[in-house]
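Just below is one structure, and these are the notes that go with it.
Numbering (the working numbering), first residue to last: 153 to 358.
As structure tokens, this is what we get:
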């Protein structure tokens, strides 16, 4: 992250209660400012173009799974740093499936969910060493060996035989993208429709 916001707040409550009631309360803010910083980057500027599709090639009653696409991800840190990647679906609410691992493709006519994509980290390395991708759904309290991005989760890298994040200076991985189009029976496809998926990956310091 390239910006840091520090918040301090104090709260004073006055009451007309009985003599035994407390007349003040403390609010404490804690955190850590890390001396190192990490910068993520994706190949091709993070852009994937799957080209034009014919509506006639889409499955009517089932989702259509399009060919995998791949981008290269690098995360470069000033020093060995414990960090993770947190996804944000910039088209949240437009994913066709009620699945935390599907990120939306936008809407047709503001009401029809076009589809979505699944994102998986493969072939990860930490400072040149092959590594395991691990996931946490509780902000880093516990980790499991899951390589897929999900809403509400974070991904990090670990040694191949453990599920604990390892500090890295340079992390690399392939981001495999699986584009999915919702069943055509529920879509209005009389005109050209733009596939408009967008996900932001943010470094989270652990």
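Note that beta-carbon positions come from the ideal geometry of N, C-alpha and C, so glycine has one too. These numbers come from a predicted model, not from an experiment.
Coarse secondary structure for residue i, derived from DSSP in three states
| i | result |
| --- | --- |
| residue 267 | strand |
| residue 197 | helix |
| residue 208 | helix |
| residue 337 | helix |
| residue 222 | strand |
| residue 252 | coil |
| residue 325 | strand |
C-beta atoms of residue i and residue j nearer than 8 Å
| i | j | result |
| --- | --- | --- |
| residue 196 | residue 218 | no |
| residue 258 | residue 244 | no |
| residue 329 | residue 215 | no |
| residue 246 | residue 225 | no |
Per DSSP, the bridge partner or partners of residue i
| i | result |
| --- | --- |
| residue 192 | 227 |
| residue 104 | In this structure the chain extends from 153 to 358, so residue 104 is not present and cannot be described. |
| residue 257 | Its beta-bridge partners do not exist; DSSP assigns none. |
| residue 320 | 233 |
| residue 344 | Partner(s): none; residue 344 has no beta bridge. |
| residue 308 | 286 |
| residue 217 | 332 |
| residue 300 | 272 |
Closest by C-alpha distance to residue i, when choosing among the options
| i | options | result |
| --- | --- | --- |
| residue 248 | 355, 270 and 230 | 270 |
Check whether the segment 301 to 318 and the segment 276 to 285 are in contact - that is, three or more C-beta pairs closer than 8 Å. At 8 Å Cβ cutoff, the stretches touch.
Mind the definition here: the segment 227 to 236 touches the segment 350 to 358 only if three or more C-beta pairs lie below 8 Å; say whether that holds. By the C-beta criterion, the segment 227 to 236 is judged to be in contact with the segment 350 to 358, since at least 3 inter-stretch pairs fall below 8 Å.
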